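Undergrad: Starting off with a structure, shown below.
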Amino acid sequence: MNLRAPKGTRDVLPDEATMRRKLESIFADICARYGFGEIRTPTFEHTELFERGVGGSSDIVRKEMYTFLDKGGRSITLRPEGTAAVARTFVEQGMSSWASPVKLWYNLNMFRYERMQKGRFREHTQFGCEIFGSESPQADAELIGLLDTFFKELGIKETQLQINSIGCPVCRVDYEKALRDYFRPHLDEMCVDCVERFEKNPLRMLDCKVTKCQEIAVDAPAPLDALCEDCKKHFNAVTTYLEALEIPYCLNLRLVRGLDYYTRTVFEFVSHNVGTQGSICGGGRYDGLIAELGGGDVPGVGFALGVERLLLELQAQGLLPETDVPPLLYIASFDSTAAEALKLAQSLIRQGFSIATDVVGRSLRAQMKAADRLGVTYIVVLGDLELEKGIVDVRRLSDGEEKSCALTELGAFLKAAESAD
Ligand SMILES: [Zn+2]
Ligand SMILES: [Zn+2]
0 MNLRAPKGTR DVLPDEATMR RKLESIFADI CARYGFGEIR TPTFEHTELF ERGVGGSSDI
60 VRKEMYTFLD KGGRSITLRP EGTAAVARTF VEQGMSSWAS PVKLWYNLNM FRYERMQKGR
120 FREHTQFGCE IFGSESPQAD AELIGLLDTF FKELGIKETQ LQINSIGCPV CRVDYEKALR
180 DYFRPHLDEM CVDCVERFEK NPLRMLDCKV TKCQEIAVDA PAPLDALCED CKKHFNAVTT
240 YLEALEIPYC LNLRLVRGLD YYTRTVFEFV SHNVGTQGSI CGGGRYDGLI AELGGGDVPG
300 VGFALGVERL LLELQAQGLL PETDVPPLLY IASFDSTAAE ALKLAQSLIR QGFSIATDVV
360 GRSLRAQMKA ADRLGVTYIV VLGDLELEKG IVDVRRLSDG EEKSCALTEL GAFLKAAESA
420 D
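First residue of the sequence shown: 0, per numbering that gives the first Met the number 0; consecutive thereafter.
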């Protein structure tokens, strides 16, 4: 019997869960300020959606999907990425009739059967944003600006924005021909994946991770040099807007992104802190995706950000958010006063304070030790005498200072103590 968590999954314990909750709330808040609405899609979809919407030549579809037959004999896949699922929702829910552009964000878990490496898990979480219905480079710039705002609010400094354009179906035809002409004489030196990409999607030969393939790709024609006039204009406008937003970027002529549906702008935020591939976040334009899913001619642009990698980045830069602070007050009690202690704790908790009390039936000595271990700021001991008088001594653990306080005034006392901090 195997009772361990499956390989590639991980348990998120309270300290990390607190940090994640803070990241989520900062991201949600920024998305709201930029006018994005949240969307939550199902954890699994029909397999065809990802085959069409991510693309048959991508590593995700070829090697990494969790696909199974359900009891009804349907082929089902656990969501490996967000964009195809959100695009499916856009089409199915008739969002093309909504006021345009439709701006959506998500915080969803993703499933990929990946090789294990730093910051990569088979179940992981992504924050993402999509803008549907705008072809304009302003939308690309707004999205990148949103990410830049998020990183700034987190205090992140060491990431670099890399950007490229991979053109549209019009300029792609000639470019793919030029790429094939370039790679054809080298095919027998390249990896089996590249040989397959040569037929299906030669662009992807530019970002193969195999050293030999990279050496060959160095001198390949760059997509940026093959853009048609419209694509050139679009890309120049994106960079002009980035300059206006004072977002530094660098061109990466080899950046193509792993998914088939990308057109024009592609970008990544990279950092040396998050493993060999270094990407925290990637995105781009996918003007053909909605049409591919039967939803008509609706352009789109979006990004996805790996939360586990973001945590690695924050850790490397010493920027992890604070974990929960310990309770403010511990209420120690005896058998005879246990009910009153529970009641007092409940009343103070309902007034908004963080309070600990004994729920194990421990001796007073053991309760004192427990309070110390929790790191509380104050302790009161609620005995029969204190109950009778309606007054307790509030002891501050840091220096042992004691102040007596009426039970009815305890809330006011804690409030004053909190604001004095
Ligand atoms: Zn073009
Ligand atoms: Zn290769």
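Backbone N, C-alpha and C define an ideal beta-carbon position, used for all residues, glycine too.
Everything numeric in this text was worked out from a predicted model, so none of it was measured.
Closer than 7 Å is what we want: which residues have a beta carbon that near any heavy atom of ligand 1? List them in chain order.
TA: With the cut-off at 7 Å, the residues found are G166, C167, V169, C170, L226, C227, D229, C230.
Undergrad: Is G301 near D286, with beta carbons less than 9 Å apart?
TA: no
Undergrad: Shortest alpha-carbon distance to M330 belongs to which of G360, A303, L311, L313?
TA: Reading the sequence as shown, one finds Ile at residue 330 and not Met. That would be G360, whose Cα lies nearest to the Cα of I330.
Undergrad: Between the Cα of T356 and the Cα atoms of E245, L328, R364, which residue gives the shortest distance?
TA: Relative to the Cα of T356, the nearest Cα in the group E245, L328, R364 belongs to L328.
Undergrad: Bridge partners for V50 per DSSP, in chain order?
TA: Inspection of the sequence shows that residue 50 is occupied by Glu rather than by Val. Answer is none; E50 lacks a bridge partner.
Undergrad: How about I143 and L258: are their beta carbons less than 9 Å apart?
TA: no
Undergrad: Can we say the segment 154-165 touches the segment 230-241, given the rule of at least three CB pairs closer than 8 Å?
TA: yes
Undergrad: Could you tell me whether any non-hydrogen atom of ligand 2 is closer than 8 Å to the CB of V209?
TA: yes
Undergrad: Are there 16 or more other CB atoms within 10 angstroms of the CB of P247, so buried, or fewer, so exposed?
TA: exposed
Undergrad: Can you give the Cα-Cα distance for S133 and P100, rounded to whole angstroms?
TA: In this structure, the CA atom of S133 is about 6 Å from the CA atom of P100.
Undergrad: If you check the beta carbons only, do V265 and L311 fall under 9 Å apart?
TA: Contact: no.
Undergrad: So E122 is in the beta strand (DSSP E); what residue range does that whole segment cover?
TA: 122-131
Undergrad: Only counting the same chain, and skipping five residues up and downstream in sequence, which positions put a Cβ closer than 7 Å to that of L205?
TA: A216, A219, R253, V255
Undergrad: Going by DSSP, name the residue or residues bridged to F266.
TA: I162, G282
Undergrad: Express the C-alpha separation of A419 and L406 in angstroms, rounding to a whole number.
TA: 20 Å
Undergrad: Just to confirm my understanding: we take T46, look at its own chain, exclude 5 residues before and 5 after, and list those with CB closer than 6 Å. What are they?
TA: T66, S74, T76
Undergrad: Is it buried or exposed, D224, if we count other Cβ atoms within 10 angstroms and call 16 or more buried?
TA: exposed
Undergrad: What number of angstroms, rounded off, separates the C-alpha of G81 from the C-alpha of A340?
TA: One C-alpha to the other measures close to 49 Å.
Undergrad: Use the C-beta contact count for Q350: other C-beta atoms within 10 angstroms, 16 or more gives buried, fewer gives exposed.
TA: exposed
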